[in-house]
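Participant: If you count the sequence shown from 1, position 76 lands on 76 in our numbering, and the numbers rise without skipping.
The beta-carbon is built from N, C-alpha and C at its ideal position, and this holds for glycine as well.
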Amino acid sequence: MSAEVMVRQQSRSRSIVYCAAAIACMAVTAWVTVPIGPVPLSLSPLAIFFTLFALKPRDAFIAICGYVALGAIGLPVFTGFRGGIGALFGPTGGFIMGFVVGACIVLPLSHLLSKRTAFASDQRATFLGGQVKRGFLLRSLIVGVCFAAIYYVFGWLWLMWVGQLTAEAAFVAAVAPFVVPDLLKMLLAVFLAQAVGAAQSRL
Numbered sequence: 001m002s003a004e005v006m007v008r009q010q011s012r013s014r015s016i017v018y019c020a021a022a023i024a025c026m027a028v029t030a031w032v033t034v035p036i037g038p039v040p041l042s043l044s045p046l047a048i049f050f051t052l053f054a055l056k057p058r059d060a061f062i063a064i065c066g067y068v069a070l071g072a073i074g075l076p077v078f079t080g081f082r083g084g085i086g087a088l089f090g091p092t093g094g095f096i097m098g099f100v101v102g103a104c105i106v107l108p109l110s111h112l113l114s115k116r117t118a119f120a121s122d123q124r125a126t127f128l129g130g131q132v133k134r135g136f137l138l139r140s141l142i143v144g145v146c147f148a149a150i151y152y153v154f155g156w157l158w159l160m161w162v163g164q165l166t167a168e169a170a171f172v173a174a175v176a177p178f179v180v181p182d183l184l185k186m187l188l189a190v191f192l193a194q195a196v197g198a199a200q201s202r203l
């Protein structure tokens with residue numbers, strides 16, 4: 001077996017492990033919820049943001065789609081230990097669909113940004129009391145904000161439909177309570193992704 005083949009196999013094995021770990025994290029964090037209305041406050045965005053920031057775009061896409069697929073076939077990986085088609089058509093179904101659509105849109109964007117000099121710089125900045133690469137921070141925040149905007153729109157419109165709510169009422173229930181908590185989760189995910197990346201580089 002050539003060295004090149006071994007490297008490819010090792011890379012593929014790492015990708016499988018990373019995707020599986022990301023799916024597990026998304027499921028576990030989805031179980032941590034605070035009921036505040038038809039859409040509960042959940043930790044799952046933290047794991048999803050981390051997946052977007054820490055994994056390669058292809059692996060992140062596979063992990064997010066894999067998570068949704070496992071829930072769709074009935075495994076209790078969504079909020080409230082729920083799964084199955086019923087969960088997809090419930091009040092939070094729009095957010096779940098938004099995760100997949102958002103990944104389709106922002107992961108190619110992340111790949112493109114990583115090729116730009118401004119976003120590939122190793123120059124560091126102080127962030128949450130630590131040092132992060134400025135380019136990584138900017139790229140992650142752009143990707144994270146775009147991703148959140150997409151799943152907010154899907155969650156908002158979906159709740160309007162399934163809940164027969166006005167646009168204002170659906171916005172108050174599905175978007176307004178989550179903006180600040182999700183921003184904090186996004187910032188924490190940037191820090192965690194940078195820390196994990198630094199640890200991997202030392203292995």
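Suppose the cutoff is 8 angstroms on Cβ atoms and the five residues either side in sequence are ignored; what does the same chain contact list for LEU159 look like?
Facilitator: Only PRO38, VAL39, PRO91, GLY94, LEU165, ALA170, ALA173, ALA174 meet the Cβ criterion.
Participant: Which whole-angstrom value is the C-beta distance of ILE105 and VAL68, which I expect to be below 8 angstroms?
Facilitator: Wrong, their Cβ atoms sit about 15 angstroms apart, outside the cutoff.
Participant: Go ahead and label GLY74 buried or exposed: buried means 16 or more other beta carbons lie within 10 angstroms of its beta carbon, across all protein chains shown.
Facilitator: The residue is exposed, with fewer than 16 neighbouring Cβ atoms inside 10 Å.
Participant: Using alpha carbons as the reference points, say which of ALA27, PHE49, CYS19 lies closest to ALA137.
Facilitator: Checking the displayed sequence, the identity of residue 137 turns out to be Leu instead of Ala. The shortest C-alpha separation from LEU137 is found at PHE49.
Participant: In the DSSP assignment, find the alpha helix (DSSP H) that holds ALA103 and state where it starts and stops.
Facilitator: Unbroken alpha helix (DSSP H) run through ALA103: 93-114.
Participant: With distances taken Cα to Cα, identify the nearest neighbour of GLY144 among PHE81, ALA193, ALA30, GLY66.
Facilitator: Looking at the Cα atoms, ALA193 is the closest of the given residues.
Participant: How is the alpha helix (DSSP H) around PHE78 delimited, first residue to last?
Facilitator: Note, PHE78: premise wrong, no alpha helix (DSSP H); not H, not E.
Participant: Go ahead and pull the three-state DSSP assignment for GLY129.
Facilitator: Below a pLDDT of 50, predicted positions are generally treated as unreliable, and GLY129, at 47, falls in that range; the measurement from the model is reported next regardless. It is coil, neither helix nor strand.
Participant: Exposed or buried, GLY86, counting other C-beta atoms within 10 Å across all chains shown (16 or more means buried)?
Facilitator: So GLY86 ends up on the exposed side.
Participant: Just how far apart, CA to CA, sit VAL17 and PRO45?
Facilitator: Using only the alpha carbons, I get a separation of about 20 angstroms.
Participant: Below 8 angstroms on the Cβ atoms is my guess for SER15 versus ASP59; work out the distance and round it to an integer in Å.
Facilitator: So it is a contact: roughly 5 angstroms between Cβ atoms.
Participant: From the DSSP output, in three-state form, read off LEU55 for me.
Facilitator: Three-state DSSP puts LEU55 in coil, outside helix and strand.
Participant: Quick check on LEU165: does DSSP put it in helix, strand or coil?
Facilitator: If DSSP states are grouped into helix, strand and coil, LEU165 belongs with coil.
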